[in-house]
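Enquirer: Number 50 in full-length UniProt numbering belongs to position 50 of the sequence shown; there are no gaps in the numbering.
Each residue gets a CB set at the ideal place from its N, CA and C atoms; glycine is no exception.
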Amino acid sequence: MNTGQELHDNIPSEIPLDFYTKSKIITTSKTAGVAALLSIAGTLVSVAAFFLKSTAAPQPAKEGFNDSTAKLAATGNIFMLLLSLIISGLLFYTLFTFSRYAKKGIEQDNRTLLIRGLIALGAYFRIVAILAISFLGLLLMVILMTRMGGAIG
1 MNTGQELHDN IPSEIPLDFY TKSKIITTSK TAGVAALLSI AGTLVSVAAF FLKSTAAPQP
61 AKEGFNDSTA KLAATGNIFM LLLSLIISGL LFYTLFTFSR YAKKGIEQDN RTLLIRGLIA
121 LGAYFRIVAI LAISFLGLLL MVILMTRMGG AIG
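Pasting the structure below:
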């Protein structure tokens, strides 16, 4: 009885793509690699700016707020920074993985490497789709809450 791995191993490794398609995949993988590096560099600059910002910045007036509310607002900035780092790290990893494996797969005519790269690209688009749907959901909630607040007040 043949297992899935045995069937996969019997598939020829040559990729049946024409020259034009292969060159476009290589160009796309190089562009994705540059985009991944630029995005992680931008995130690192944001982190550096967050920690290097002046601590002597004027504090907002505390009218109506106690110290715990001010501390919560400061903690929110750190939470958003960590969330941004996690999301940027995931996006960098998946996009750079696509870039590396797709380029190697085309150059070496290795189907397994190309498939790994395309799986990473699929993961990248799934993450982007989840983020877009989440942000749209939050935006819809904000719009509904402001409409409800306007109707109540």
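1. Between which two residues does the alpha helix (DSSP H) harbouring Lys53 extend?
2. Which one of Phe79, Leu118 and Leu44 has the shortest CA to CA distance from Ile88?
3. Just to confirm the assignment: which complete beta strand (DSSP E) runs, minimum length 3, are found wholly within the stretch 102-152?
4. Under 7 angstroms from any heavy atom of the ligand FAD, does the C-beta of Leu82 make it?
5. Assuming Tyr101 and Leu114 form a contact by the criterion Cβ under 8 angstroms, report the distance between their Cβ atoms to the nearest whole angstrom.
6. What is the DSSP secondary structure of Leu17, counted as helix, strand or coil?
7. Cβ atoms of Lys22 and Ser99: under 8 angstroms apart, would you say?
8. Evaluate Phe19 with the Cβ neighbour count: other Cβ atoms within 10 Å of its Cβ, from every protein chain shown; 16 or more gives buried, anything less gives exposed.
9. Once you ignore the five residues that flank Ala123 on each side, which residues in its own chain have a CB closer than 7 angstroms to its CB?
10. Buried or exposed: where does Ile78 fall if 16 or more other Cβ atoms within 10 Å of its Cβ makes it buried?
11. For Ala48, count neighbouring Cβ atoms within 10 angstroms of its own Cβ and tell me buried if that reaches 16, exposed if not.
12. Count the other CB atoms, across all protein chains shown, that sit within 10 Å of the CB of Leu131; report buried if there are 16 or more and exposed otherwise.
13. My understanding is that Ile106 touches Ile25, with C-beta atoms under 8 angstroms, so please give their C-beta distance in whole angstroms.
14. Would you kindly work out how many angstroms separate the C-alpha atoms of Ile86 and Gln108, rounded to a whole number?
15. Can Leu82 and Ile127 be called in contact, C-beta distance under 8 angstroms?
Expert: For this structure:
1. Lys53: not part of any alpha helix (DSSP H); DSSP gives it neither H nor E.
2. According to the sequence shown, residue 88 is Ser rather than Ile. It is Leu44 whose Cα lies nearest to the Cα of Ser88.
3. Uninterrupted beta strand (DSSP E) stretches at least 3 residues long and entirely within the stretch 102-152 do not occur.
4. No copy of the ligand FAD appears in this structure; indeed no ligand is present at all.
5. The pair is a contact, with the Cβ atoms about 7 angstroms apart (cut-off 8 angstroms).
6. In the structure shown, Leu17 sits in coil (DSSP, three-state: anything other than H, G, I, E or B).
7. It is not a contact, given that the beta carbons lie outside the stated cut-off.
8. The residue in question, Phe19, is exposed, as its Cβ has fewer than 16 Cβ neighbours within 10 Å.
9. Once the five neighbours on either side are set aside, the close Cβ partners of Ala123 are Thr94.
10. Counting the other CB atoms within 10 Å of its CB gives Ile78 a total below 16, which places it among the exposed residues.
11. Ala48 is exposed by the Cβ-count criterion.
12. By the 10 Å Cβ count, Leu131 comes out exposed.
13. Indeed, because the Cβ distance is near 5 angstroms, the residues count as touching under 8 angstroms.
14. If you take the alpha carbons of Ile86 and Gln108, they lie about 33 angstroms apart.
15. The answer is no: Cβ separation not under 8 angstroms.
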